[in-house]
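These notes are about the structure you will find just below.
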Amino acid sequence: MADTAKPKSGSAAKNSGGRRRSRKGTPTAVADESPEVLREYYRRMLLIRRFEERTGQAYTQARIGGYCHLNLGEEATVVGLMTALQERDYLFANYRDHGYAIEKGIEPRRVMAELYGRSTGTSKGWGGSMHMYDTDARMLGGWGIVGGQLPMATGAAMAVSYRGGDEVVMCQMGDGTTNIGAWHESLNIASLWNLPIVYVVINNYLGMGTTVDMSSAEPDLYKRGCAFRIEGERVDGQDVLAVRDTARNLVERARSEQRPFLMETMSYRMKGHSVVDPAKYRSKEDAQEARSNDPLAAFESQLEEAGVLDEDRKKEIADAVRQEVADAADFAENSPHPDASTLFDYTYASPVANESTRMPADPVFAD
Amino acid sequence: MSVITYRQALRETIRAEMHRDENVFLMGEEIGVFEGSYKITEGMLTEFGERRVRDTPISEEGFVGSAIGSAMLGLRPIVELMTINFSLIAADQIINHAPKVYGMFGGQTSVPMVIRTPGGGGQQLGATHSQNIELFYSFIPGMKVLAPSTPAEAAAMMRAAVRDDDPVLFLENLGLYNSKGEVPDNYADDSGPVAEIGRAGVLREGSDITLIGYSRMAALATQVAEELAEQDISVEVIDLRSLRPLDRETIVNSVAKTGSAVIAEDDWLTYGIGAEIAASIQEGAFDFLDAPVRRVAMAEVPLPYAKPLETAALPSVESVTTAIKETLNAVGRRVG
Ligand SMILES: Cc1ncc(C[n+]2csc(CCOP(=O)(O)OP(=O)(O)O)c2C)c(N)n1
Numbered sequence: 001m002a003d004t005a006k007p008k009s010g011s012a013a014k015n016s017g018g019r020r021r022s023r024k025g026t027p028t029a030v031a032d033e034s035p036e037v038l039r040e041y042y043r044r045m046l047l048i049r050r051f052e053e054r055t056g057q058a059y060t061q062a063r064i065g066g067y068c069h070l071n072l073g074e075e076a077t078v079v080g081l082m083t084a085l086q087e088r089d090y091l092f093a094n095y096r097d098h099g100y101a102i103e104k105g106i107e108p109r110r111v112m113a114e115l116y117g118r119s120t121g122t123s124k125g126w127g128g129s130m131h132m133y134d135t136d137a138r139m140l141g142g143w144g145i146v147g148g149q150l151p152m153a154t155g156a157a158m159a160v161s162y163r164g165g166d167e168v169v170m171c172q173m174g175d176g177t178t179n180i181g182a183w184h185e186s187l188n189i190a191s192l193w194n195l196p197i198v199y200v201v202i203n204n205y206l207g208m209g210t211t212v213d214m215s216s217a218e219p220d221l222y223k224r225g226c227a228f229r230i231e232g233e234r235v236d237g238q239d240v241l242a243v244r245d246t247a248r249n250l251v252e253r254a255r256s257e258q259r260p261f262l263m264e265t266m267s268y269r270m271k272g273h274s275v276v277d278p279a280k281y282r283s284k285e286d287a288q289e290a291r292s293n294d295p296l297a298a299f300e301s302q303l304e305e306a307g308v309l310d311e312d313r314k315k316e317i318a319d320a321v322r323q324e325v326a327d328a329a330d331f332a333e334n335s336p337h338p339d340a341s342t343l344f345d346y347t348y349a350s351p352v353a354n355e356s357t358r359m360p361a362d363p364v365f366a367d
Numbered sequence: 001m002s003v004i005t006y007r008q009a010l011r012e013t014i015r016a017e018m019h020r021d022e023n024v025f026l027m028g029e030e031i032g033v034f035e036g037s038y039k040i041t042e043g044m045l046t047e048f049g050e051r052r053v054r055d056t057p058i059s060e061e062g063f064v065g066s067a068i069g070s071a072m073l074g075l076r077p078i079v080e081l082m083t084i085n086f087s088l089i090a091a092d093q094i095i096n097h098a099p100k101v102y103g104m105f106g107g108q109t110s111v112p113m114v115i116r117t118p119g120g121g122g123q124q125l126g127a128t129h130s131q132n133i134e135l136f137y138s139f140i141p142g143m144k145v146l147a148p149s150t151p152a153e154a155a156a157m158m159r160a161a162v163r164d165d166d167p168v169l170f171l172e173n174l175g176l177y178n179s180k181g182e183v184p185d186n187y188a189d190d191s192g193p194v195a196e197i198g199r200a201g202v203l204r205e206g207s208d209i210t211l212i213g214y215s216r217m218a219a220l221a222t223q224v225a226e227e228l229a230e231q232d233i234s235v236e237v238i239d240l241r242s243l244r245p246l247d248r249e250t251i252v253n254s255v256a257k258t259g260s261a262v263i264a265e266d267d268w269l270t271y272g273i274g275a276e277i278a279a280s281i282q283e284g285a286f287d288f289l290d291a292p293v294r295r296v297a298m299a300e301v302p303l304p305y306a307k308p309l310e311t312a313a314l315p316s317v318e319s320v321t322t323a324i325k326e327t328l329n330a331v332g333r334r335v336g
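Listed in order, the protein sequences are those of chains C and A.
Mapped onto UniProt numbering, the consecutive letters of the first sequence carry residue numbers 1 to 367.
Mapped onto UniProt numbering, the consecutive letters of the second sequence carry residue numbers 1 to 336.
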């Protein structure tokens, strides 16, 4: 018999509200940080929030196609993690990547244009929501196959180590990803070869409708690096300073000690898995808990209490953010669609003289 | 000119490319200390050290994926998969990722990687270890799939593969490693021949019929053509060499000249590479055809271990010769 003492949620249908969410780490108090920095984090979290809300809207209006996974409720994690990276560090993310792309240094208008499938997008309209990429920003992709990014991120860290560089690779993923083979293979290789990489598990407790308890025999995910001698840390993902401090520590240790680390952020996904998911599998209590754990609202009141944010400043920031998001949407809306004549431009990086691009019965593609 | 083995052609070319470019490195199971399951990497660890010759855990998805990531950052990995049968464990990385990166990100980054892997039946290895599944990878746009048949081709194609900016699946055949052939004296120098990826080769010119093969079957086709020449039958032998991109032009031109074709393939018939070639001939040279295109392929069974059964399942000089004679008879040319 299985260990009956272990709490397990019964079914996928209704996830229990009372989740165990132990939080670790010693967060920096708001009082220890400069007002400018705090307001800047607040602005960036708000930008992602408004950007994602606009994205959701545009999706509902069918301006955006495909799948669309938002970061609503995970903004503190996104901003905290990206703050910990140096510009020269690399990021591999999963499909929930819009906020990460912006935070890693891609202009919001290019991220929005990618969502609109326009030629001005980060991937010229070839990637869409799940595939934000920019070589200069060292945003090495959002990736759509769960866990697919892990081996590649591991290999990027190997390339850094091969060249004796001092960059670090961060590899972001969801909690559901930790059960796929690629996770185990990647952590094992990274540890064997002393690679400078930080694997970050965003534990929002859900992979689509499946909870961590349903899918992970050891639900304390940060502990699961122990099989590979990889140190893990868990942090409150709703606290931007805590995420930043923990991530910074691990990133800098990966850099100086040349070895991998594992980090787990305890987060809440406020909405469904994707824009079209009404999240019926979620219990009332659970949905309520997610809503009441809004990291942006919490940070806002913290800053207000500390006297860092007043109504004027809030309005100033909100206006600037609104403007930036509106500009991004306008830019996307007014950008050209990629021309059909470019359809065969990106099959091979080393073109093949003899490659046929002919499609039967389509004169447009005649040689 | 000198005569060397297919194995030696590969090994010396890889060595030369590693000397030429610091970014080229080797990765795979048992390639270092053990010197490679089929000894292609013999001596490499001693010569280049652990940084450039990496023994990996049995972790196909992990290390093939790592090679992709390292290639995205500018390294040029040559990955050995012990046999193509194990590539299926890494299929997510090989199919879903490597060939998609260039297009999916709008041409911003590419994956200059070579996956070397032997395949093929005839060694009594049983059903899971005797497969030719290069078809799966040849199906995927963005992939380049090469299958040389001679030592000279192996060297020229390996050099092209390492220098190419796209993911290349480099298919070796277990039955070819010890085969010998002439290579130019500079075959392993930086100045040596570089194959043009996407071009088929005409291994032998002929006028009566076109015989098309790749890898071990191209080598076998040459043998068939030599034997038939003694019976006054002139066979043109086409070696596909590059399964993707596929050179339809050379095939169609040859069939337009000879009027008939036989395809020999070492893999299963249904939905196979031969089906693609036959369709291409039908599309491009229908008016020139004097007889239906014939295909000779592996029997459609999981390959058996027992020698007589395995032999019966694989295309042979006899079965290919019979197909050629039957085709020529259908054309109206009476041959033995
Ligand atoms: C290999 C694979 N299996 C299934 C899916 C479908 N799928 C997409 S997201 C997802 C849930 C992943 O959950 P998690 O890793 O926790 O990430 P989150 O969505 O919470 O960010 C699933 C099952 C997929 N994309 N890839």
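The C-beta atom is built at its ideal place from N, Cα and C for all residues, glycine as well.
These numbers come from a predicted model, not from an experiment.
Have a look at residue i and residue j and give me their C-alpha separation to the nearest angstrom.
| i | j | result |
| --- | --- | --- |
| glycine 25 of chain C | leucine 47 of chain C | Summary for glycine 25 of chain C: the model assigns pLDDT 47, below 50, so the residue's position carries little reliability; its value from the coordinates is reported in the next sentence. Roughly 27 Å separates the two Cα atoms. |
| leucine 203 of chain A | methionine 112 of chain C | 53 Å |
| alanine 299 of chain A | threonine 311 of chain A | 10 Å |
| lysine 180 of chain A | alanine 229 of chain A | 22 Å |
| residue 354 of chain A | methionine 82 of chain A | Outside the shown range of chain A, which is 1 to 336, sits residue 354 of chain A, and nothing can be said about it. |
| glutamate 60 of chain A | threonine 258 of chain A | 45 Å |
| glycine 17 of chain C | lysine 284 of chain C | A caution first: glycine 17 of chain C carries a pLDDT of 42, below 50, which makes its placement in the model unreliable, though a value can still be read off. Each residue's alpha carbon lies about 8 Å from the other. |
| valine 235 of chain C | aspartate 97 of chain C | 20 Å |
| glutamine 238 of chain C | isoleucine 202 of chain C | 11 Å |
| valine 320 of chain A | aspartate 165 of chain A | 37 Å |
| valine 235 of chain A | isoleucine 40 of chain A | 33 Å |
| aspartate 32 of chain C | arginine 291 of chain C | 28 Å |
| valine 335 of chain A | alanine 225 of chain A | 14 Å |
| glycine 332 of chain A | glutamine 282 of chain A | 20 Å |
| alanine 200 of chain A | threonine 60 of chain C | 50 Å |
| valine 321 of chain C | leucine 309 of chain C | 16 Å |
| aspartate 290 of chain A | alanine 62 of chain C | 55 Å |
| alanine 157 of chain C | glutamate 249 of chain A | 43 Å |
| serine 207 of chain A | glycine 175 of chain A | 29 Å |
| glutamine 231 of chain A | alanine 264 of chain A | 20 Å |
| arginine 159 of chain A | isoleucine 14 of chain A | 8 Å |
Which term fits residue i, buried or exposed, when burial requires 16 or more other beta carbons within 10 angstroms of its beta carbon?
| i | result |
| --- | --- |
| phenylalanine 34 of chain A | exposed |
| leucine 309 of chain A | exposed |
| aspartate 330 of chain C | exposed |
| glycine 49 of chain A | exposed |
| methionine 1 of chain A | exposed |
| phenylalanine 286 of chain A | exposed |
| asparagine 334 of chain C | exposed |
| cysteine 226 of chain C | exposed |
| lysine 315 of chain C | exposed |
| lysine 223 of chain C | exposed |
| threonine 46 of chain A | exposed |
| aspartate 319 of chain C | exposed |
Got a sec, what are the start and stop residues for the alpha helix (DSSP H) residue i sits in?
| i | result |
| --- | --- |
| glutamine 8 of chain A | 6-20 |
| leucine 220 of chain A | 216-229 |
| alanine 60 of chain A | The question names alanine, but residue 60 of chain A is glutamate in the sequence shown. From DSSP, the alpha helix (DSSP H) with glutamate 60 of chain A extends over 60-72. |
| serine 191 of chain C | 181-192 |
Span of the beta strand (DSSP E) holding residue i?
| i | result |
| --- | --- |
| glycine 321 of chain A | It should be pointed out that residue 321 of chain A corresponds to threonine in this sequence rather than to glycine. Counting along the chain, threonine 321 of chain A falls outside any beta strand (DSSP E), though it belongs to the alpha helix (DSSP H) covering 317-331. |
| tyrosine 41 of chain C | Taken as a continuous stretch (DSSP letters only), tyrosine 41 of chain C belongs to no beta strand (DSSP E), being part of the alpha helix (DSSP H) at 35-60. |
| isoleucine 212 of chain A | 209-213 |
| methionine 44 of chain A | Looking at the DSSP string, methionine 44 of chain A is not in any beta strand (DSSP E); the run it does join, the alpha helix (DSSP H), is 44-48. |
| tyrosine 199 of chain C | 197-203 |
Does the Cβ of residue i lie closer than 7 Å to at least one heavy atom of ligand 2?
| i | result |
| --- | --- |
| valine 146 of chain C | The model on display carries ligand 1 but not ligand 2. |
Q. At a Cβ cut of 9 Å, what residues of the stretch 34-65 of chain A count as close to chain C, listed as they run along the chain?
A. For chain C, the residues of the stretch 34-65 of chain A that bring a beta carbon within less than 9 Å of one of its beta carbons are Arg51, Arg52, Arg54, Thr56, Pro57, Ser59, Glu60, Glu61, Gly62, Phe63, Val64, Gly65, in chain order.
Q) Which residues, taken in chain order from the stretch 94-105 of chain A, show a beta carbon closer than 7 Å to some beta carbon of chain C? A) Those would be Asn96, His97, Tyr102, Gly103, Met104, Phe105, in chain order.
**Q.** Contact residues within the stretch 142-158 of chain A, judged by C-beta distance below 9 Å to chain C
**A.** Here the close residues are Gly142, Lys144.
Q.
Across the stretch 146-156 of chain A and the stretch 199-218 of chain A, are there enough close Cβ pairs to call them in contact, namely three or more that are closer than 8 Å?
A. In short, these stretches touch, since the Cβ pair count reaches three.
Q) If contact means a Cβ-Cβ distance below 8 Å, which residues of the stretch 334-357 of chain C contact chain A? A) Listed in sequence order: Asp345, Tyr346, Thr347, Tyr348, Ala349, Ser350, Val352, Ala353, Asn354, Glu355, Ser356.
Q) Just by C-beta distance, which residues in the stretch 305-332 of chain C are closer than 7 Å to chain A? A) Of all residues in the stretch 305-332 of chain C, none comes within less than 7 Å of chain A when Cβ atoms are compared.
Q.
Output needed in chain order: residues of the stretch 238-249 of chain A with a Cβ under 7 Å from some Cβ in chain C.
A. Listed in sequence order: Pro245, Asp247, Arg248, Glu249.
Q.
For the stretch 148-160 of chain C against the stretch 170-187 of chain C, do three or more pairs of beta-carbon atoms, one drawn from each stretch, fall closer than 8 Å, so that the two count as touching?
A. Taking one beta carbon from each stretch, the stretch 148-160 of chain C and the stretch 170-187 of chain C have 3 or more pairs nearer than 8 Å; the two touch.
Q) Quick one: any contact between the stretch 124-131 of chain A and the stretch 181-196 of chain C, if contact means 3 or more CB pairs under 8 Å? A) They do not touch, by the three-pair rule.
Q.
Under 8 Å, with one C-beta from each stretch per pair, do the stretch 100-111 of chain A and the stretch 125-134 of chain C reach the 3-pair mark?
A. The answer is yes - the stretch 125-134 of chain C touches the stretch 100-111 of chain A, with three or more Cβ pairs under 8 Å.
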